[in-house]
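Residue 395 in the working numbering is what sits at position 291 of the sequence shown, and the numbering runs on without skipping anything.
For reference, the structure is listed below as structure tokens.
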Amino acid sequence: MKKKKFKLIILFIPHHHIGGAERVHLEIIKSLKHKPIVIFDSSDGSVLLEEYQKNAYCFFVTNQKRKKFVTYLIQIVSYFLPTTLFGCNSVFFYQILSKINNSVTTIDLTHAFSFPVHGAEITSLKSIHLLDKRVVINNKTLEDYSLLYEKNNIDRIYLNRFKIIPNGILIGEFISDIVLSRFNNFTIGFVGRNSNEKRPELFFELKGAIDNLNVKVIGDNFNNFKEKYKEVKYFEGCNNPELIRKEFSEISVLIVTSSREGFPLVIMEAMELGIPVISTNVGSIFEHVKDDLNGYLAVDNSESEFVKFAYNKILLLSSNRKLYSRLAINAREYAVNNFSIELFKEKYRSLFYD
């Protein structure tokens, strides 16, 4: 049998802070046959860096001199080895495409459009003819690209280069008795970064309106809320999956306040744990969170209306054990049937090696 030639895979990732997209990028790396090279645009000291360095050879191109050097190195190496460049929302990735020889395979990944401020999806427009394949995580982002191509008079034939690969998670053990325990110790939870698009201030506004429930925040950098909301339980700066899962499992309902998303990994993780979701209707969340089945979706995503909506749904679930239990069990079953990490890895291996 003829031995397959080694393929060099280089990923371009903007940063390694704690977030759903960054953890998805890690799972992509872990699905590969050999350790890839990862090029970061910046270094932010995140605890995720250690995990990246364990699974890939990491380099930081934080200035123009380093960018020129990396570009030159890729030009040389790609003449001797089959090479694939994979861009994950990295501007630097699109900047070097025109400088790389045609034998290199080029692929990019878009989690979601950066509304209202346009991001990599706009930057990529000048490089469409240089991209061999494009990956999106859901139908919504593919539809957004279709409209973007139409608006910019780009031939629809380029839409054939898209491939949808939904994110996946590990399905762990589930003991149904925990549902009753969560109901009796009802805790609303926020899981994510303290960033503008996540709008954590709406979650804390809910906390101010509901006095008799427990509140937990899992994520990073919530110091600006701690003085006012001292009674909230904060769990920050952890990259231990077992500890995070333990803390996450104590939440009764996940609140997603984001103004934009693709499909948040935290929703998948919540459902896998049997936790119902109350969320804004952004990205492709509507494809998975179904009203009165496994959670509730807001009709109006504006700040004031979402807070009212979430407040009413929290009161409903926290006062109706039968309803809460049904949504919790449904959430778990949906995750088991739809969020397999093995299928995710299989599709990425096929993308890179077939």
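Idealized CB from N, CA, C, for every residue including glycine.
| Query | Result |
| --- | --- |
| Mapping DSSP to helix, strand and coil, what is F116? | strand |
| Using CA atoms only, rank isn't needed, just tell me which of F116, S423, I348, A414 is closest to I211. | F116 |
| For L147, which residues in the same chain have their Cβ closer than 6 Å to its Cβ, ignoring the five residues on either side in sequence? | Reading off the sequence, residue 147 comes out as Ser, not Leu. Closer than 6 Å at the Cβ level, and outside the excluded window around S147, lie F164. |
| Determine the contact status of T361 and L397, defining contact as a CB-CB distance below 8 Å. | no |
| Whole angstroms are fine: how far does the CA of V142 sit from the CA of V195? | 14 Å |
| On the DSSP bridge assignment, give the partners of F163 in chain order. | I143 |
| Within the continuous alpha helix (DSSP H) that includes D248, where are the two ends? | 243-255 |
| Is the Cβ-Cβ distance between A216 and G387 less than 8 Å? | yes |
| Looking at C-alpha atoms only, which residue of L377, R453, Y415 is the closest neighbour of L317? | Y415 |
| Assuming F469 contacts G272 (C-beta within less than 8 Å), just tell me the rounded distance between them. | Any answer about residue 469 is impossible in this case: the structure gives the chain only from 105 up to 458. |
| Using a Cβ-Cβ cut-off of 7 Å (strictly less than) and excluding sequence neighbours within five positions of L136, which residues of its own chain qualify? | I113, F456 |
| Between the segment 182-196 and the segment 428-437, do at least 3 Cβ pairs fall closer than 8 Å? | no |
| By a C-beta neighbour count over all protein chains shown, 10 Å radius and 16 as the cutoff for buried, is L347 buried or exposed? | exposed |
| In the DSSP assignment, the alpha helix (DSSP H) including T291 goes from what residue to what residue? | Careful: T291 lies outside any alpha helix (DSSP H), inside the beta strand (DSSP E) at 291-297. |
| Excluding the 5 residues flanking A238 on each side, which residues of the same chain have their C-beta closer than 6 Å to its C-beta? | It should be pointed out that residue 238 corresponds to Arg in this sequence rather than to Ala. Answer for R238: D212, R265, F266, listed in chain order. |
| Put L317 into one of helix, strand or coil per three-state DSSP. | coil |
| In terms of residue numbering, what span does the alpha helix (DSSP H) encompassing I226 cover? | 224-227 |
| Do I359 and T459 count as a contact pair if the criterion is CB distance below 8 Å? | Residue 459 is absent from the structure shown; the chain starts at 105 and stops at 458. |
| For the putative contact between V370 and G296, defined by C-beta atoms under 8 Å, what is the C-beta separation to the nearest angstrom? | 6 Å |
| Short check: CB of T209 to CB of T245, under 8 Å? | no |
| State the Cα-Cα distance for the pair I459 and E131, rounded to the nearest angstrom. | Limits of the chain in this structure are 105 at one end and 458 at the other, which puts residue 459 out of reach. |
| If you reduce the DSSP assignment to three classes, tell me which class D281 lands in. | helix |
| Give me, in chain order, the residues of the same chain whose beta-carbon lies closer than 7 Å to that of V366; leave out the 5 immediate sequence neighbours on both sides. | As written in the sequence, residue 366 is Gly, which differs from the Val given in the question. Here the set comprises H215, A216, I241, N242, T245, G387, S388. |
| In the DSSP assignment, the alpha helix (DSSP H) including L235 goes from what residue to what residue? | From DSSP, L235 is part of no alpha helix (DSSP H); its letter is neither H nor E. |
| Here's a check: name, in chain order, each residue in its chain whose Cβ is nearer than 6 Å to the Cβ of K337, leaving out the five neighbours to either side. | K320 |
| With contact counted as at least three CB pairs below 8 Å, one residue from each stretch, are the segment 373-381 and the segment 433-441 in contact? | yes |
| Beta-carbon within less than 8 Å of Y161's beta-carbon, same chain only, minus the 5 sequence neighbours each way: which residues are those? | K139, P140, I141, V142 |
| Tell whether a beta-carbon distance below 8 Å holds between F308 and F287. | no |
| So, for R127: in the same chain, excluding its five sequence neighbours on each side, which residues have a beta-carbon less than 7 Å away from its beta-carbon? | L369 |
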